[in-house]
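Here's the structure we're looking at; comments come further down.
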Amino acid sequence: MTAVSKSFVGLTKVRMGIQASRGHRGRGMDTKLYLIILLTSFGLMILGAVAGGILESAGIVTGDSLGPRATTVINSVYLVLFFIMGFSLVPLVLRLFITLQIKIGNGEFFPIKWLQANELAVVIGVWGLYVIGIGIILTLVKPADLFK
865 MTAVSKSFVG LTKVRMGIQA SRGHRGRGMD TKLYLIILLT SFGLMILGAV
915 AGGILESAGI VTGDSLGPRA TTVINSVYLV LFFIMGFSLV PLVLRLFITL
965 QIKIGNGEFF PIKWLQANEL AVVIGVWGLY VIGIGIILTL VKPADLFK
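Just so you know, we're using the numbering used here here: the sequence shown kicks off at 865 and counts up by one.
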């Protein structure tokens, strides 16, 4: 083991000890809020699709009557809801992964302990990658071609 990896392991143990002394006991983030956000955004997407389908089948609103600006706004709302769903899934899936690893007996392995101790940092790191990817996409795509 190199000096860098020994210091990394030492810092992780210190962080785990601090979290345990604060009452975390390896629980990490509270995922209830993220589950509520996920279900709300999913429900809004379904509700919007059903409402749009009803309005269109009744002949009240059609694609032609909306115009390109309204269509862009609706597509933008759905894109934002999709991003919200994607961001809220990260802590939920990470917690599920850690929980299942512990249940099958892998909870004592270093990577699982590290993920437990650094759950928030991992989630923020994945969110950062998402933001970088979204930024790259938005800089490369012309605004007029975004929803074609």
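Here a beta-carbon is modelled for each residue, glycine too, at the ideal position from N, C-alpha and C.
Problem set entry | Pairwise C-alpha distance: K896 and L984 | 14 Å
For this session: Say yes only if the C-beta of F1011 is nearer than 6 Å to one or more non-hydrogen atoms of the ligand ATP, and no if none qualify.
Result: Only the bare structure without any ligand can be found here, which leaves the ligand ATP out of the picture.
Exercise. Is the CB-CB distance between G945 and L899 below 7 Å?
Worked result: First, the amino acid is wrong: residue 945 is Leu here, not Gly. Not closer than 7 Å, so no.
For this session: Could you have a look at I996 and say whether DSSP puts it in helix, strand or coil?
Result: helix
Exercise. By how many angstroms is the C-alpha of V925 removed from the C-alpha of K1006?
Worked result: 28 Å
For this session: Following the continuous alpha helix (DSSP H) through M893, name the residue where it begins and the one where it ends.
Result: Per DSSP, M893 belongs to no alpha helix (DSSP H) and is neither H nor E.
Problem set entry | Length of the line joining the Cα atoms of S929 and S921 | 13 Å
Problem set entry | Three-state class that DSSP yields for Y908 in the structure shown | In the sequence under discussion, the amino acid at residue 908 is Leu, which differs from the Tyr named in the question. Helix, per DSSP.
Exercise. In chain order, what residues of the same chain have a beta carbon less than 7 Å from the beta carbon of L902, not counting five sequence neighbours either side?
Worked result: M949, S952, L953, L956
Exercise. So is S940 buried or exposed if we call it buried at 16+ other beta carbons inside 10 Å?
Worked result: exposed
Exercise. My guess is that L958 and V987 are in contact by the Cβ rule of under 8 Å, so how many angstroms apart are they, rounded?
Worked result: 6 Å
Exercise. Mind checking L979: buried by the 16 CB within 10 Å criterion, or exposed?
Worked result: buried
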